[in-house]
Structure formats: structure tokens, C-alpha cells
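**Q** So the protein sequences, as listed, match chains A and B. Take 56 as the starting number for the first sequence in the numbering used here and just add one per residue. Take 56 as the starting number for the second sequence in the numbering used here and just add one per residue. So that we are looking at the same thing, I have put the structure below in C-alpha cells.
Number of protein chains: 2
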Amino acid sequence: MREDPRHADSRLDDPRLDRRRLEVLRAIVQDYVATQEPVGSKALVERHNLGVSPATIRNDMAALEEDGYIHQPHTSAGRVPTDKGYRLFVDRLSAVKPLSSAERNAIHAFLGGAVDLDDVIARTVRLLAQITRQVAVVQYPSLTRSSVRHVELVAITPSRIMLVLITDTGRVEQRFVETVPIADAPLADLRARLNALIVGHRLSDVPSRIDDLSEQFAREDRPAVDSLVAALLEVVVEQREERVMLGGTANLARFRQDFPDTIGPVLEALEEQMVLLKLLGEATGPSTLTVRIGHETGYEGLSSTSLVTSGYGRDGDAVAQLGVLGPTRMDYPGTMGAVSAVARYVGRVLDQT
Amino acid sequence: MREDPRHADSRLDDPRLDRRRLEVLRAIVQDYVATQEPVGSKALVERHNLGVSPATIRNDMAALEEDGYIHQPHTSAGRVPTDKGYRLFVDRLSAVKPLSSAERNAIHAFLGGAVDLDDVIARTVRLLAQITRQVAVVQYPSLTRSSVRHVELVAITPSRIMLVLITDTGRVEQRFVETVPIADAPLADLRARLNALIVGHRLSDVPSRIDDLSEQFAREDRPAVDSLVAALLEVVVEQREERVMLGGTANLARFRQDFPDTIGPVLEALEEQMVLLKLLGEATGPSTLTVRIGHETGYEGLSSTSLVTSGYGRDGDAVAQLGVLGPTRMDYPGTMGAVSAVARYVGRVLDQT
DNA sequence: GCTGGCACTCGTCACGACGGAGTGCCAGGG
DNA sequence: CCCTGGCACTCCGTCGTGACGAGTGCCAGC
């Protein structure tokens, strides 16, 4: 919450950023987020007991502005934080706000009621959107990072086989394979061998484990085995194509004032799965929070929005990302708290599956 | 396009609605849809050669207004069609506008490239949204109206069985069942009997066909059989919970002028799957077009939008609905043409699966 | 039953005045 | 050296005014 202790009494890295100036920046961000109006020096000293006069604050504000942390919409208007200002706020001036225990319980109860993976994801999206009152984005657990629980081959007809792959995250991928006819016995044999080889292994390890499988079969069965193996590889590799689910779009309407004529581009970006995946995918760590502010998202249409994401997964090992998108002017501590709490709980729920 | 021939020369049901008045209404709807501005008598005679003077038109407009087909935002402004006016326009004054053959080919090519059911739905949504430049809604083929292609039981462990149900629309439902342990032999037996009983039958017929199945098994296997049968019934019945996919939400932004402060409610309605399903579900016929205008949707939040839907399915038998949502002020003939064409092609694509 | 003319109603827009919020700067005090 | 109070200035947003134009309803005449 307060700044890092080692800076408590001295100047910070940038000598221009002394304690009070940071305090002023924090106050500006907080007030602006709360009121959504440019904040002036007088209002600032009134609402926060800074112990100095407006005139002093004005000097600090001028300095902050020169350094690019805040910005004046027009002469003789209050100040508004810039992306750089928010960045500093998030990095050094705020702490993730933990949820109340009542909220945590509610999350747990709500997520605990899920019946399958789809349901977990759907509930998570709704939950995030509801808590943060913003747009929620949840990525399906990545196929490649999870591992195989079971493979099943079902002959619909001798030449039409259904291939089902189940992962430990509860995801089920299925595909029909047209092949040369194959008898039940070799098919059962193949099923057994496949499972023995890959159950419990990472999807990314599957290709190397099954590439010479076909040699173990009688010559006449090899064509069928080959097509089935190929289909499995396709499911594993090509289906890496990941999906995201989003919800709470209606919350965008609450921010119409934030982006007067930019709601269109935002909706467009949200419809582009590729854009969403890229935004989520760029995030690094397992359960580390990532915050991308305004232009940092890398998309023009999202330049007045920020993205708070976190990895989630079983056993502390991130399998996918989830997060929230809102206006740059948002309650970062609260949002970060909600995102990280939800990510943690989803991970737990997945562990129990 | 012209009105129904039997009315060609005479008054219509309502004696007040003579030919020219209908012509005037059509002109108003067309102009308003095109310009999005209240249309006045002078502009009307200029743009359409009605062969009479503005003053005459004004009389007709006054009559149309008195009957509730058009409405005046304020004294001395032009007229705007009411929901009732659009209704009359759709019912009697317009014809579905067929797509150009180039468009049809494009549709066919695009939908033909789909690899599985999810892909068909996803492509359909994108296509509809793109052609109509509005919000597209596509319902997944209904479970209850389709029939069983295959049931599979896979023992992950002796007490944990995966149940997979495949329908002829390509939909795959899967569920894990925890049960008392059951050996492989009776499980295989159950699988065979189940398939013999229900493959090829409507999902809605499944319950009556398997309700006494458990009696055919040895006493010690009955508990397991019972839980598996129960799970299957759940999948069939409870999963009647249907899904919809939507796309083109960003197109709403193009209509910000249409609903100045109602974009929020619209987004909210779109997020409520229940609302969407109800709207789609109400629709009747197999491949008949249904148009719901403004308040006819039955939702306050959608009172400035209209919905054009059509059933689609294989063999002319509707399995689900798809449609488009846009502002009440929309190009009805064009939208109706697009929706019905897409519905027809999707049906064909499903037939080929 | 259609037409032209006329008076009337309003909404929109451009203009200008006004008030208020907020600033920057400067001289003075601790 | 830093903070403070005061002061003049800038500029946005609001409001009232007036001109304009689009559109209407009505009426008398053909």
C-alpha cells in the first residue's frame, strides 16, 4: 500500500519523484477513478489530508505533468492520469485489494457447483463479470499444457471410427475418422496400446510417443492404424487452436462516457478470438497478475481500456489465462484482487476434478 | 413486391387503407430506413413519383397517423413508422429480397468448408453477421428434435464410466458417471442393448424405450445399470438446455443513434441465453420466416430492435432456429432474404454430414 | 377528391455573455 | 529552500436569444 520501505525516507530512483508527489499522483488516480472528472488542486487537498496548500500541489502537478504521468485536457482544467501514470500507480502506489471473506466464500460456493469443464468456464466468466462489473475473458484450459486421461476408439461402422480424447482438465475432443475397414480385435488392441503409451503424459509429448506405433501391427491393419494415429495427432496438435469465452459485455455500456465513440472498436476486438487470445497469451507467469494499460495492449481499438489477467491452473502450473477488460480508468486494486482470487479458486476447482 | 393481387384494384380490409396510402406508407418506411430521419411530405413526392402533390400526401399521412401506422416525434417534424407500420410493411408491402447468385455461391462455399458441427455453427454466425451487418444468433441443433446415432460407454476405472451420446446432427454429449463397480462383460452387454434400443430414434423417444432396461440384467449389476441409464436420461432430458451462439455484436455500435441510451439493455438481453432461446424458440415453422418487431419481442430492452428468424434443419424438418437482430429501422426485405437463404444452405450442409 | 397557398409550430444552429473552476506566477514568510 | 496566499488569466460549459428552415394543418378553389 505505502511505497516500498527502502524508499520510505529518501528520494526514489527519479529524484523528481519525491514522496509527496507520488502521494499526489495516487490521490489523482483515486479521485479520477472515483469521479471520472479531471481533478484539480483544490479538490485534492480537500479530499485527502496532504497537509499542504493547493498552490504547493499545483507545483507538484506541474512536475508530474512534465514527466508525463498526468495530463491536462485543456488549459485551466483539472488533471487526468496518463497511461504512464496508471502504470506507476499499479507498480508502486497500490496493492492488490484482497476480497472480503464473504466474497471468497461466495466465489467458492458458486464455482464449486459446476458440473463439468464447460460449466466451470461459464461460471467463472459470469462470476468475474459480476464481481468486477466489467468484461470477463476466460481461456479454455490449453490442450497442449494438459495431459491425457483417456483415449477411446469407437467403431460406428467398421470404416467409420469415432476418436475421443479426454484430458485431465476435463476437456473432451472428438472426431470422426473415415478409414479402411478394421476389425474389432486390432481396434481394441490399438486402443489398449494407445492408452498405455500416452495416458498421464502431456499432450505435447504425445507425437513422439506414438510415431512408430503402426509398425507393431499386422500389415493389413496398418493403413487403418495410420489414419487413426494421424487423426489423433491432428486433434492434439491442430486443436491447439484455443478458445476463449467472454461475458459481461453489457458492462461496456456503463462506460459509454469513457469511450464516447470507441465502443465500436472495443466490441470488434472482443469478437476477434485471435485478438483476445493474443492478449491473454502474451501474459507470462503461472499465477502472476499482469496488467496492461491502454496502449500497452497493442491494439488501437483498445487504447482506452486496460486488461488485468492472471494464469490459472492445477497444481500451481498455469494451464490458461483469465482476466478482465475495463476502461483505463478502473479500480485497479479491486480488479486485481478479484482476478487473482478467482484465478486461485478456479485452479482449486480444477484440481478436484 | 406489389400488394397481393386480389387487392390490386379495390380497397383493402380497412377501407381507410386505399392503394395510395399503402404506397405512401411503403415510401415512408423505405425512406426512413435509408436516411434514418423523419420523412416529410415534400421529400416524399420528390423521391417517389407518386403523382400527387405534397398536400394530398399530408392528408394520407394524417390518416395513417390516426390509424397508428406512423408517428410524429414532435409537431412539425416528419413522420416515422411505428411498430405497427413496420408490421404492415413486412406483411403486405414488401417481398423477401433474394440474394444475388454471387452471394449464394459465396454462402455455399463458405459453409461448405466447415469441418464439424461447431464449425458449421461458427461459420453460420459469422456469415449472417457479415451479410446483414447486424447481430446474428444461431441455435445449436436441438437435442430433442434430433435422433441418436450412437451411444458409447467407456470404463475409465470399473467405477467411473464415461458416457458419450452422439446425435445425427453431429452433436456429442459426454458425461462421467460414478457408480458401483461393474465388470466389462455386463458393460459391453449394456452398450449393445442400449444401441439396439435407441439408435435411429428421436431423443424424445429415448426415455420410454429404456425405462425397463435394468430388469434384463443380473441383480448384482442393476445398481450400476440404473445409474448409467439415469445419467443417459439426464443427458437426453436435462441437456435439452439448448445453446446459442451469437456474433456481430460490434454491429450494434453502428446503430448507436438508433438506441441512444438503450444499447445497455440490448447487450444485457443478448447475454441472457434464456432470453435468446425464448426469442428463437417462440418461432414456429420449419423453414418459415418469422419477424418480430419492436415490442413484439416481448422484452422491454429490445423494444427498439427487431428480430428476423427462420428454422433450419435437415430434410426440411426444422431442428433449430437462426436469425438476426437489428434496429426496428432495418432493411426487412434484404434481411429476410439473407436469413432465409442462410437457413436453407445450413440445412443442406447438415444433410451432407 | 386533389391542389396551391398561407399561417403557424418547433427543433436546430450560431452567436454571445456569463460564471466558475482551475491554472501559473509572484512576492512574502518560516 | 520550500511553502503559502493572492491575483490575473484562460477556457469550458451553460444559458438565453434570434434567425432559419422544415414540416404541418387548414382552407378555399378547381
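All C-beta atoms in this analysis are idealised placements derived from N, C-alpha and C, irrespective of residue type, glycine included.
#1: Taking 8 Å as the threshold, find out whether the region 392–402 of chain A comes into contact with the region 151–170 of chain A through three or more Cβ pairs.
#2: Any Cβ of chain A within less than 7 Å of the Cβ of R66(B)?
#3: Report yes if the C-beta distance between Y354(A) and V145(A) is below 7 Å; otherwise report no.
#4: Would a check of beta-carbon distances place G319(B) closer than 7 Å to chain A?
#5: Who are the Cβ neighbours of Q127(B) in its own chain at under 7 Å, not counting the five residues just before and after it?
#6: Give the DSSP-derived three-state secondary structure of T390(A) in the structure shown.
#7: Would you identify the three-state DSSP class for L335(A), choosing helix, strand or coil?
#8: Report the start-end ranges of each alpha helix (DSSP H) in the region 214–297 of chain B that is 4 residues or longer and not cut off at the edges.
#9: Please name the residue or residues paired with M300(A) in a DSSP beta bridge.
#10: Unbroken beta strand (DSSP E) runs of length 3 or more, entirely within the region 140–207 of chain B: which are they?
#11: By alpha-carbon positions, which one of T383(B), V290(B), V291(B), E297(B) ends up nearest to T317(B)?
#12: Return the chain-ordered list of same chain residues with a C-beta closer than 6 Å to the C-beta of L154(A), the five sequence neighbours on each side being excluded.
#13: Under 8 Å Cβ to Cβ from T343(A), same chain only, skipping five residues before and after it: list those, please.
#14: Beta-carbon within less than 6 Å of G221(A)'s beta-carbon, same chain only, minus the 5 sequence neighbours each way: which residues are those?
#15: Give me the Cα-Cα distance between A117(A) and M329(B), rounded to the nearest whole angstrom.
#16: Identify whether S131(B) lies in helix, strand or coil by the three-state DSSP scheme.
#17: Expressed to the nearest angstrom, what Euclidean distance is found between the alpha-carbon atoms of R377(B) and L172(B)?
#18: Taking Cβ positions only, does Q229(B) come closer than 7 Å to chain A?
#19: Between I83(A) and V100(A), how many whole angstroms is the CB-CB distance? I'm expecting something under 8 Å.
#20: Whole angstroms are fine: how far does the CA of G336(A) sit from the CA of E158(A)?
#21: How about L218(A) and R200(A): do their beta carbons lie closer than 7 Å?
#22: If contacts are defined as beta-carbon pairs under 8 Å, then R264(A) and H256(A) qualify, I think. What distance do you get, rounded to the angstrom?
#23: Below 8 Å CB to CB, which residues in the same chain sit around Q185(B) once its five sequence neighbours on both sides are set aside?
#24: Mind reading off the beta-carbon distance from L208(B) to G140(B)? Whole number of angstroms is fine, and I expect it under 8 Å.
#25: In whole angstroms, what is the alpha-carbon distance linking Q85(B) and V193(B)?
#26: For L268(B) versus V284(B), is the C-beta spacing smaller than 7 Å?
#27: Identify whether L362(B) lies in helix, strand or coil by the three-state DSSP scheme.
#28: List, in order along the chain, the chain B residues whose C-beta lies closer than 9 Å to that of M217(A)?
**A** With the structure as the only source:
#1: yes
#2: Here R66(B) scores only 39 on pLDDT, less than 50, and its place in the model is too uncertain to base an answer on.
#3: no
#4: yes
#5: E120, R134
#6: helix
#7: helix
#8: 239–253, 261–265, 277–292
#9: V193(A)
#10: 190–194
#11: T383(B)
#12: G392, A396
#13: S365, G366
#14: Here residue 221(A) turns out to be Ile, not Gly, going by the sequence shown. Contacts found: R204, H205, V227.
#15: 53 Å
#16: coil
#17: The sequence shown places Leu at residue 377(B), not Arg. If I take the Cα positions, the gap works out to 15 Å.
#18: yes
#19: 12 Å between Cβ atoms; not a contact.
#20: 28 Å
#21: no
#22: 6 Å
#23: G303
#24: L208(B) to G140(B), Cβ: 58 Å. No contact.
#25: 28 Å
#26: yes
#27: strand
#28: H205, E207, V219, I221, V227
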